[in-house]
Amino acid sequence: MSDPTTAPVLAAGAVLWRDGRAGVEVLLISRSRHDDISLPKGKLDPGETLPVAAVREIQEETGFSVALGLPLGYTEYLLPNGRDKFVYYWAAEVTREQLQKGRFRPNDEVDKVEWLSIEKAKKRLTYSRDAEVLDRFRLFVERDAHKTFAVIALRHAKAAPDSPDGTDSARPLTARGKTQAEELGSTLSVWSPTDIVSSTARRCVQTVTPLSKRLQLDISSKRALSQDYWETPGADGSPQSRLRSLIAKRIDRRATVVMCTHSPVLPPVIDTVADIVGGERDGRLTRAAILSTAEYTVLHLSSADPSRGIVAVETHSPTN
Numbered sequence: 056m057s058d059p060t061t062a063p064v065l066a067a068g069a070v071l072w073r074d075g076r077a078g079v080e081v082l083l084i085s086r087s088r089h090d091d092i093s094l095p096k097g098k099l100d101p102g103e104t105l106p107v108a109a110v111r112e113i114q115e116e117t118g119f120s121v122a123l124g125l126p127l128g129y130t131e132y133l134l135p136n137g138r139d140k141f142v143y144y145w146a147a148e149v150t151r152e153q154l155q156k157g158r159f160r161p162n163d164e165v166d167k168v169e170w171l172s173i174e175k176a177k178k179r180l181t182y183s184r185d186a187e188v189l190d191r192f193r194l195f196v197e198r199d200a201h202k203t204f205a206v207i208a209l210r211h212a213k214a215a216p217d218s219p220d221g222t223d224s225a226r227p228l229t230a231r232g233k234t235q236a237e238e239l240g241s242t243l244s245v246w247s248p249t250d251i252v253s254s255t256a257r258r259c260v261q262t263v264t265p266l267s268k269r270l271q272l273d274i275s276s277k278r279a280l281s282q283d284y285w286e287t288p289g290a291d292g293s294p295q296s297r298l299r300s301l302i303a304k305r306i307d308r309r310a311t312v313v314m315c316t317h318s319p320v321l322p323p324v325i326d327t328v329a330d331i332v333g334g335e336r337d338g339r340l341t342r343a344a345i346l347s348t349a350e351y352t353v354l355h356l357s358s359a360d361p362s363r364g365i366v367a368v369e370t371h372s373p374t375n
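Here the numbering used here is used: the sequence shown runs in plain steps of one and ends on residue 375.
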């Protein structure tokens, strides 16, 4: 176990953006206590995941409740006490509806906020490391790939080795698996999925049940995501054709979907997304399909034109 006094400090934040009259605008925060102008961010609470921390800090500092978009990497710097600090960033759109609902109020951390063009914002930022994050975001804007939706490929949480009736599909989650599922309900919600699709296996349905309850979304159980079906497909069509149809329909909707499945089915899921949207394939997609229980990969696709390929990939693990 690492020494808490020397372990790196983790924080998370975002480049908040909106469509302005003259193009994309980003939000900067002013902190008189630190005498700086920066991007919204903050340290993780105990037991908190990076994505959840990013959304929480954004809401606390700016008043906006947003969904995360593209990952923008991280910055690293040394604190005065000698500890390393890593800050992970995402892009996050502030929609018209969120602009109307959200209202900034000066608080202990932030005195004021300001919307600026990317170029003006870059000049106003106090820290060069924040400007580097803004440059990463600008590259996506120049390709019209900054507005995205996601296909989230999730491996079920930890399951018991056996089931009461002896069938693999009836294996339930363990106590640890149920804890992981509860955490996933919180973490996955930061991408605001509008669709939850699961293997018919009990362990998969149980994994996404907390998310379903949190977002008040029904779970759509599909054999195309079932390990049993891939191993013994039967006479009602090939698993690959059914999977392609399932994924293609979700991509056509251009809305974020969570797909909960099994280790052997994850590579076909990710390969099928890549095949549908086109673009180059590389080792990151192979690695993205190798997941432990309760891990998930987020495949970001362009809302303007999904056929441009996978814009970004990120993989996350549970804290438990």
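Yeah, the Cβ is synthetic: ideal placement off N, Cα and C, and Gly gets one too.
- Three or more pairs of CB atoms, one per stretch, sit closer than 8 Å, so the region 58-68 contacts the region 101-114.
- In the DSSP secondary-structure assignment, L171 is bridged to V81.
- The region 92-101 makes contact with the region 114-121: 3 or more CB pairs, one atom from each, lie closer than 8 Å.
- By the neighbour-count definition (other C-beta atoms within 10 Å, threshold 16), S87 is an exposed residue.
- Between S241 and R258, the CB-CB gap reaches or exceeds 9 Å.
- Buried is the label assigned to H355, since at least 16 other Cβ atoms lie within 10 Å of its Cβ.
- I92 carries a strand assignment under DSSP once its states are collapsed to helix, strand and coil.
- Per the C-alpha coordinates, the member of S358, A200, R231, A225 positioned closest to A212 is R231.
- For A310 and F204, the gap between their C-alpha atoms comes out near 6 Å.
- Assignment of G124 by DSSP, reduced to helix, strand and coil, places it in the coil class.
- Here N375 has R231, T234, Q235, E238 as same chain residues with Cβ atoms under 7 Å from its own Cβ, once five neighbours each way along the sequence are excluded.
- Under the DSSP assignment, I251 falls in the beta strand (DSSP E) whose first and last residues are 250-253.
- For the pair of segments examined, the region 297-317 was found to touch the region 249-268: the number of CB pairs separated by less than 8 Å reaches three.
- The beta carbon of R336 sits closer than 6 Å to the beta carbons of A329 from its chain, once the five residues preceding and following it are set aside; these are given in chain order.
- For R226, there is no enclosing beta strand (DSSP E), as DSSP marks it with neither H nor E.
- In the DSSP assignment, the residues bridged to D74 are V79.
- Here DSSP, grouped into helix, strand and coil, assigns F195 to helix.
- Distance from E369 to P126 at the Cβ level is roughly 5 Å; contact confirmed, criterion being Cβ atoms closer than 8 Å.
- Using a C-beta cut-off of 8 Å, the region 340-355 makes contact with the region 188-207, since at least three inter-stretch Cβ pairs fall below that distance.
- Uninterrupted beta strand (DSSP E) stretches at least 3 residues long and entirely within the region 104-163 occur at 126-133, 139-148, given in chain order.
- Within the region 253-300, the beta strand (DSSP E) runs of at least 3 residues that lie entirely inside it are, in chain order, 274-276.
- Between V168 and V149 a beta carbon distance of about 11 Å is seen, past the 8 Å cut, so the two are scored as non-contacting.
- With contacts defined by Cβ atoms closer than 9 Å, K277 and L243 do not form a contacting pair.
- Per DSSP, I345 lies in no alpha helix (DSSP H) segment and is marked neither H nor E.
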